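Visitor: Sharing a structure below in structure tokens format, with a few things to ask.
2 protein chains.
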Amino acid sequence: MRIPFEELKAAFKRVLLKLGFTEERATLCARIFAENSRDGVYSHGLNRFPVFVQMVKDGLVAVDAEPEKLTQHGVTEQWDGHRAPGMYTATKAMQRAIALAKENGMGCVAVRNTNHWMRAGTYGWMAAEAGCIGFCFTNTIANMPPWGGTDPRLGNNPLVIAVPRQEGHIVLDMAMSQFSYGKLQEYELKGKALPVDGGYNENGQLSKDPAEVSEAERTLPIGFWKGSGLSLVLDVLVASLSGGRSVGEITAGGNEAGVSQLFLCINAEQIDQTVSERIIQYTKSSGLVNEQDDIRYPGESSLATRRRNEKEGIPVNEGLWQQVLDL
Amino acid sequence: MRIPFEELKAAFKRVLLKLGFTEERATLCARIFAENSRDGVYSHGLNRFPVFVQMVKDGLVAVDAEPEKLTQHGVTEQWDGHRAPGMYTATKAMQRAIALAKENGMGCVAVRNTNHWMRAGTYGWMAAEAGCIGFCFTNTIANMPPWGGTDPRLGNNPLVIAVPRQEGHIVLDMAMSQFSYGKLQEYELKGKALPVDGGYNENGQLSKDPAEVSEAERTLPIGFWKGSGLSLVLDVLVASLSGGRSVGEITAGGNEAGVSQLFLCINAEQIDQTVSERIIQYTKSSGLVNEQDDIRYPGESSLATRRRNEKEGIPVNEGLWQQVLDL
Numbered sequence: 001m002r003i004p005f006e007e008l009k010a011a012f013k014r015v016l017l018k019l020g021f022t023e024e025r026a027t028l029c030a031r032i033f034a035e036n037s038r039d040g041v042y043s044h045g046l047n048r049f050p051v052f053v054q055m056v057k058d059g060l061v062a063v064d065a066e067p068e069k070l071t072q073h074g075v076t077e078q079w080d081g082h083r084a085p086g087m088y089t090a091t092k093a094m095q096r097a098i099a100l101a102k103e104n105g106m107g108c109v110a111v112r113n114t115n116h117w118m119r120a121g122t123y124g125w126m127a128a129e130a131g132c133i134g135f136c137f138t139n140t141i142a143n144m145p146p147w148g149g150t151d152p153r154l155g156n157n158p159l160v161i162a163v164p165r166q167e168g169h170i171v172l173d174m175a176m177s178q179f180s181y182g183k184l185q186e187y188e189l190k191g192k193a194l195p196v197d198g199g200y201n202e203n204g205q206l207s208k209d210p211a212e213v214s215e216a217e218r219t220l221p222i223g224f225w226k227g228s229g230l231s232l233v234l235d236v237l238v239a240s241l242s243g244g245r246s247v248g249e250i251t252a253g254g255n256e257a258g259v260s261q262l263f264l265c266i267n268a269e270q271i272d273q274t275v276s277e278r279i280i281q282y283t284k285s286s287g288l289v290n291e292q293d294d295i296r297y298p299g300e301s302s303l304a305t306r307r308r309n310e311k312e313g314i315p316v317n318e319g320l321w322q323q324v325l326d327l
Numbered sequence: 001m002r003i004p005f006e007e008l009k010a011a012f013k014r015v016l017l018k019l020g021f022t023e024e025r026a027t028l029c030a031r032i033f034a035e036n037s038r039d040g041v042y043s044h045g046l047n048r049f050p051v052f053v054q055m056v057k058d059g060l061v062a063v064d065a066e067p068e069k070l071t072q073h074g075v076t077e078q079w080d081g082h083r084a085p086g087m088y089t090a091t092k093a094m095q096r097a098i099a100l101a102k103e104n105g106m107g108c109v110a111v112r113n114t115n116h117w118m119r120a121g122t123y124g125w126m127a128a129e130a131g132c133i134g135f136c137f138t139n140t141i142a143n144m145p146p147w148g149g150t151d152p153r154l155g156n157n158p159l160v161i162a163v164p165r166q167e168g169h170i171v172l173d174m175a176m177s178q179f180s181y182g183k184l185q186e187y188e189l190k191g192k193a194l195p196v197d198g199g200y201n202e203n204g205q206l207s208k209d210p211a212e213v214s215e216a217e218r219t220l221p222i223g224f225w226k227g228s229g230l231s232l233v234l235d236v237l238v239a240s241l242s243g244g245r246s247v248g249e250i251t252a253g254g255n256e257a258g259v260s261q262l263f264l265c266i267n268a269e270q271i272d273q274t275v276s277e278r279i280i281q282y283t284k285s286s287g288l289v290n291e292q293d294d295i296r297y298p299g300e301s302s303l304a305t306r307r308r309n310e311k312e313g314i315p316v317n318e319g320l321w322q323q324v325l326d327l
């Protein structure tokens with residue numbers, strides 16, 4: 001079943017208004033949820049919406065709270081999100097980082113006490129659309145053991161780097177785990193093995209069995225020791241620059257709320273966009289492993305899905321869609 | 001055989017002066033080569049020195065050239081390295097990024113036409129030592145196929161993130177390939193298998209055999225498609241912000257010379273260093289895969305090696321040491 005973008009957005013907005021969101025916030029958050037589904041990130045679009053509604057009902061998201069600037073040092077700012085809706089605060093923070101970058105070449109906003117921003121890439125696309133190179137970092141609840149360890153102590157701390165490009169922005173949006181728990185579940189439900197090792201099983205062996213890895217709670221960091229180190233550093237960056245909670249402290253709280261985030265922009269209005277064009281063409285000039293596949297740049301698949309879903313409507317799970325209509 | 005730090009540095013300096021380096025440049029580059037060996041990065045210390053000398057003799061490094069600022073937009077600058085010694089230009093660029101950050105909260109210098117900086121981490125340690133969070137990016141010659149491809153089209157484009165910390169800076173220094181060619185050779189010479197898959201063999205199968213992977217020229221990006229995407233984005237960042245050569249253009253030149261680099265600093269004087277302390281302690285509180293191993297933060301091993309080598313002298317390959325003494 002496919003739903004037009006506007007219909008999806010309107011449904012989300014109706015529910016958010018009912019939850020006490022202002023017109024501005026309901027419009028913004030509904031658009032982001034709908035765009036996430038439109039771009040094929042269903043896990044943070046429609047599929048996540050009922051979970052978000054529950055978090056609001058549980059009081060983990062402060063519907064009316066307004067993020068507040070605490071300090072400014074040159075082109076860097078520190079904000080307190082006061083647990084306002086994460087998408088709202090992330091949008092405001094990225095807008096501010098963009099404005100700082102337009103004026104000063106670069107700008108950065110670190111936010112403590114904020115909430116889940118849903119799809120990390122959203123704010124990268126936003127920076128690129130505004131003509132900026134954007135970096136976005138967040139921490140999460142602990143969901144991955146460090147290299148050499150057996151217990152979850154690291155977040156999968158998504159990392160976004162976005163670069164504006166006429167023909168379609170380059171947007172890297174990657175978590176530090178090879179597969180998220182959502183992805184593992186997807187493979188499990190389809191009864192499929194993972195394409196590459198996704199973690200360790202209870203016996204400490206690398207495994208392509210999504211159920212085994214989930215059960216053992218031992219997902220694999222990208223690049224083994226490397227992703228483990230990068231995840232730790234990203235937590236240090238967001239928590240220390242914002243003065244906010246680290247992965248351990250979020251985990252101790254029991255909910256993925258009150259996280260720390262960082263938005264950093266570099267003005268890219270003067271860069272020569274033919275550079276990225278040449279890099280993409282050179283990369284695609286490699287021979288292929290499978291002739292039916294292709295080599296893609298980060299953001300390419302999202303854009304293709306967006307174009308298809310804009311034309312044909314956004315695929316939705318009928319049960320979830322009905323659930324939202326009934327809210 | 002172990003050599004005191006000062007003796008190593010003096011030997012390097014003598015050779016560099018003979019090659020026409022000024023006193024200042026010879027001192028700086030000799031110190032960096034010696035520090036790289038001291039910190040256990042032998043591949044970019046003594047072991048690399050004869051290769052560097054040859055590159056100077058081949059005219060790929062312009063001994064006397066002075067990097068030049070081309071443009072400034074707020075806190076961001078674009079420089080031309082004019083193919084001066086890479087360590088010299090990288091040091092100057094990082095010093096400038098630090099100064100910009102101290103004054104404005106953040107600063108960034110993008111450098112085109114520069115040369116190999118040897119150990120990437122050097123400039124991260126430098127930023128952290130100055131009380132800044134430092135990001136360093138560089139591109140390289142193509143040495144890794146993109147995900148889905150069979151031919152080298154991506155560089156292993158090292159990424160550095162450094163955060164100052166009283167008890168020892170956190171310095172992540174990671175290339176985008178799971179193992180460098182140097183590492184593959186190290187395992188091959190020892191007749192050892194890689195601890196995890198390092199790439200594909202000629203038959204397109206994942207392999208732990210370092211010789212097979214080297215022969216096929218199909219090293220694996222960290223996290224498969226993820227490291228492949230990150231490598232591409234890092235090339236786009238350094239080449240487009242500096243207006244310099246991309247991986248493809250460096251590769252077409254036939255030598256790893258005239259590369260593009262980026263140095264970005266955030267002033268960290270005001271951050272609460274207990275945050276990183278808590279993150280490290282929490283991470284280390286995980287159960288261990290092997291009781292005799294431990295969980296380490298990025299930079300921990302380098303610091304331990306540094307302390308040992310400072311006390312006991314720096315281990316050198318006798319043949320290479322003699323080779324340098326004979327230069």
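As they're listed, the protein sequences go chains A and B.
Letter by letter, the first sequence follows residues 1 to 327 of my numbering.
Letter by letter, the second sequence follows residues 1 to 327 of my numbering.
Just so you know, even glycine gets a beta-carbon here, dropped at the ideal spot from N, CA and C.
Note that the structure is a prediction, hence the values are computed from the model and not measured.
Would you mind listing the beta strand (DSSP E) stretches within the stretch 139-203 of chain A that are 3+ residues and don't spill past its ends, in chain order?
Guide: Entirely contained in the stretch 139-203 of chain A, the beta strand (DSSP E) runs reaching 3 residues are, in chain order, 159-163, 170-174.
Visitor: Checking 8 Å against the spacing of the C-beta atoms, do Thr283 of chain B and Ile295 of chain B come in under that value?
Guide: Here residue 283 of chain B refers to the residue found at position 283 when the second sequence is read from its first residue. Here residue 295 of chain B refers to the residue found at position 295 when the second sequence is read from its first residue. Cβ atoms of Thr283 of chain B and Ile295 of chain B: closer than 8 Å.
Visitor: When burial is assigned at 16 or more other CB atoms within 10 Å of the CB, is Met1 of chain A buried or exposed?
Guide: Numbered from 1 along the first sequence, position 1 holds the residue referred to as residue 1 of chain A. Exposed.
Visitor: Could you tell me which of A:Pro158, A:Leu241, A:Tyr42, A:Thr305 sits nearest to Gly131 of chain B, measuring between CA atoms?
Guide: The residue you call residue 131 of chain B lines up with position 131 of the second sequence. Gly131 of chain B has its Cα closest to that of A:Leu241, out of A:Pro158, A:Leu241, A:Tyr42, A:Thr305.
Visitor: Can you give me the Cβ contacts of Gly353 of chain A inside the same chain, cut-off strictly under 8 Å, excluding the 5 residues immediately before and after it?
Guide: In the structure as shown, chain A starts at 1 and stops at 327, and residue 353 of chain A therefore has no counterpart that could be examined.
Visitor: Any beta-carbon of chain B closer than 8 Å to the one on Gly258 of chain A?
Guide: Numbered from its first residue, the first sequence carries residue 258 of chain A at position 258. No, Gly258 of chain A does not count as interfacial toward chain B.
Visitor: Around the C-beta of Ala72 of chain B, are 16 or more other C-beta atoms found within 10 angstroms, so that it is buried, or is it exposed?
Guide: Walking along the second sequence from the start, residue 72 of chain B turns up at place 72. Looking at the sequence provided, one finds Gln at residue 72 of chain B rather than Ala. Classification for Gln72 of chain B: exposed.
Visitor: Among B:Gly155, B:Ala162, B:Val61, B:Val196, which has the Cα closest to the Cα of Met176 of chain B?
Guide: Taking the second sequence and counting its residues from 1, one reaches residue 176 of chain B at position 176. The shortest Cα separation from Met176 of chain B among B:Gly155, B:Ala162, B:Val61, B:Val196 belongs to B:Gly155.
Visitor: Give me the Cα-Cα distance between Asp209 of chain A and Glu277 of chain B, rounded to the nearest whole angstrom.
Guide: In the first sequence, counting from the first residue as 1, residue 209 of chain A sits at position 209. In the second sequence, counting from the first residue as 1, residue 277 of chain B sits at position 277. Straight-line Cα distance between these residues: approximately 35 Å.
Visitor: Less than 8 Å between C-beta atoms, sequence neighbours within five positions excluded: which residues of the same chain meet that for Phe21 of chain A?
Guide: Locating residue 21 of chain A in the first sequence gives position 21, where the first residue counts as 1. The residues are Cys29, Val63, Pro85.
Visitor: Just how far apart, CA to CA, sit Thr140 of chain A and Gly81 of chain B?
Guide: Here residue 140 of chain A refers to the residue found at position 140 of the first sequence. Here residue 81 of chain B refers to the residue found at position 81 of the second sequence. Those two C-alpha atoms are separated by around 40 Å.
Visitor: If we ignore side chains and look at the alpha-carbon of each, how far apart do Phe12 of chain A and Ala26 of chain A end up?
Guide: For the purposes of this step, residue 12 of chain A is taken as the residue at position 12 of the first sequence. For the purposes of this step, residue 26 of chain A is taken as the residue at position 26 of the first sequence. So the alpha carbons of these two residues sit roughly 8 Å apart.
Visitor: Does Glu195 of chain A pass the burial test, meaning 16 or more other C-beta atoms within 10 Å, or should it be called exposed?
Guide: On the first sequence, position 195 is the one that residue 195 of chain A refers to. Per the sequence shown, the amino acid found at residue 195 of chain A is Pro instead of Glu. Looking at its Cβ environment, which holds fewer than 16 other Cβ atoms inside 10 Å, Pro195 of chain A is exposed.
Visitor: In chain order, what are the residue ranges of uninterrupted beta strand (DSSP E) at least 3 long that sit wholly in the stretch 230-302 of chain B?
Guide: Correct list: 259-267.
Visitor: To the nearest whole angstrom, what separates the beta carbons of Ser231 of chain A and Gly244 of chain A, a pair I think is in contact under 8 Å?
Guide: Reading the first sequence from its first residue, position 231 is the one you call residue 231 of chain A. Reading the first sequence from its first residue, position 244 is the one you call residue 244 of chain A. With a Cβ gap of about 17 Å, Ser231 of chain A and Gly244 of chain A do not count as contacting.
Visitor: Rounding to the nearest angstrom, what Cα-Cα distance links Ala128 of chain B and Pro4 of chain A in this structure?
Guide: Counted from its first residue, the second sequence places residue 128 of chain B at position 128. Counted from its first residue, the first sequence places residue 4 of chain A at position 4. Roughly 50 Å separates the two Cα atoms.
Visitor: Under three-state DSSP, which class holds Ala110 of chain A?
Guide: Here the question's residue 110 of chain A lines up with position 110 in the first sequence. Three-state result, Ala110 of chain A: strand.
Visitor: Mark Gly124 of chain A as exposed unless 16 or more other C-beta atoms lie within 10 angstroms of its C-beta, in which case mark it buried.
Guide: Locating residue 124 of chain A in the first sequence gives position 124, counting from the first residue. Gly124 of chain A is buried by the Cβ-count criterion.
Visitor: Leaving aside the five residues before and after Gly227 of chain B along the sequence, list all residues of the same chain whose C-beta is less than 7 Å from its C-beta, in chain order.
Guide: Position 227 of the second sequence, counted from the first residue, corresponds to residue 227 of chain B. Taken in chain order, the residues that qualify are Met176, Pro221.
Visitor: Ends of the beta strand (DSSP E) at Trp79 of chain A?
Guide: Here residue 79 of chain A is taken as the residue at index 79 of the first sequence, counted from 1. Where Trp79 of chain A is concerned, the enclosing beta strand (DSSP E) stretches over 76-80.
Visitor: Going by beta-carbon coordinates alone, are His169 of chain B and Val163 of chain B separated by less than 8 Å?
Guide: Residue 169 of chain B sits at position 169 when you count from the first residue of the second sequence. Residue 163 of chain B sits at position 163 when you count from the first residue of the second sequence. The answer is yes: Cβ separation under 8 Å.
Visitor: Can you tell me the Cα-Cα spacing of Gly40 of chain B and Glu6 of chain B, whole angstroms?
Guide: Residue 40 of chain B sits at position 40 when you count from the first residue of the second sequence. Residue 6 of chain B sits at position 6 when you count from the first residue of the second sequence. Cα to Cα, Gly40 of chain B sits roughly 16 Å from Glu6 of chain B.
Visitor: Which of the three DSSP states, helix, strand or coil, is assigned to Arg38 of chain B?
Guide: Residue mapping note: residue 38 of chain B aligns to position 38 of the second sequence, counting from 1. Three-state result, Arg38 of chain B: helix.
Visitor: Take Asp151 of chain B and list the residues in its own chain whose beta-carbon comes closer than 7 Å to its own, dropping the five residues that flank it on each side.
Guide: Counting from 1 along the second sequence, the entry for residue 151 of chain B is found at position 151. Hits under 7 Å: Pro145.
Visitor: Between which two residues does the alpha helix (DSSP H) carrying Leu17 of chain B extend?
Guide: As a first step, residue 17 of chain B is located in the second sequence; it is residue number 17 there, counting from the start. Residues 5-18.
Visitor: Are the stretch 198-207 of chain B and the stretch 178-188 of chain B touching by the rule of at least three beta carbon pairs closer than 8 Å?
Guide: Contact holds: three or more Cβ-Cβ distances are below 8 Å.
Visitor: What are the residues of the stretch 273-300 of chain B that lie near chain A, defined by any Cβ-Cβ distance shorter than 7 Å?
Guide: The residues in question are Val275, Ser276, Arg278, Ile279, Tyr282, Thr283, Ser285, Ser286, Gly287, Leu288, Val289, Asp293, Asp294, Ile295, Tyr297, Pro298.
Visitor: Return the Cβ separation of Ala93 of chain A and Val109 of chain A in integer angstroms, given the expectation that the two are a contact with Cβ distance under 8 Å.
Guide: Taking the first residue of the first sequence as position 1, residue 93 of chain A is located at position 93. Taking the first residue of the first sequence as position 1, residue 109 of chain A is located at position 109. With a Cβ gap of about 4 Å, Ala93 of chain A and Val109 of chain A count as contacting.
Visitor: Among A:Leu303, A:Ile280, A:Leu60, A:Leu237, which one has its Cα closest to the Cα of Leu237 of chain B?
Guide: Translated into the one-based positions of the second sequence, residue 237 of chain B becomes position 237. Here the closest residue by C-alpha is A:Ile280.
Visitor: Taking the straight line between their C-alpha atoms, what separation do you get for Asn36 of chain A and Ile250 of chain A?
Guide: One-based indexing of the first sequence puts residue 36 of chain A at position 36. One-based indexing of the first sequence puts residue 250 of chain A at position 250. Answer to the nearest angstrom: the Cα atoms are 25 Å apart.
Visitor: Which residues bound the beta strand (DSSP E) around Lys69 of chain B?
Guide: The residue labelled residue 69 of chain B in the question sits at position 69 within the second sequence. Lys69 of chain B -> beta strand (DSSP E) spans 68-73.
Visitor: Let me know if Gly229 of chain A comes out buried or exposed under the rule of 16 or more other beta-carbons within 10 Å of its beta-carbon.
Guide: Within the first sequence, numbered from 1, the residue matching residue 229 of chain A stands at position 229. Classification of Gly229 of chain A: buried, given that the 10 Å Cβ count is 16 or more.
Visitor: Against Phe224 of chain A, what residues of chain B qualify as contacts under a CB-to-CB distance less than 7 Å, listed in chain order?
Guide: Counting from one through the first sequence, the residue named residue 224 of chain A turns up at place 224. Those within 7 Å of Phe224 of chain A in chain B are Val196.
Visitor: If the criterion is Cβ atoms closer than 8 Å, does the pair Val53 of chain B and Leu17 of chain B meet it?
Guide: Walking along the second sequence from the start, residue 53 of chain B turns up at place 53. Walking along the second sequence from the start, residue 17 of chain B turns up at place 17. Against a cut-off of 8 Å, the Cβ pair of Leu17 of chain B and Val53 of chain B comes out as no contact.
Visitor: Find the residues of chain B that neighbour Gly131 of chain A, judging by a C-beta separation of less than 9 Å, and give them in chain order.
Guide: Position 131 of the first sequence holds residue 131 of chain A. Those do not exist, as Gly131 of chain A stays about 13 Å from chain B at its closest Cβ, beyond 9 Å.
Visitor: With DSSP collapsed to three states, give me the class of Ile32 of chain A.
Guide: As a working mapping, residue 32 of chain A is identified with position 32 in the first sequence. DSSP places Ile32 of chain A in helix when its eight states are reduced to three.
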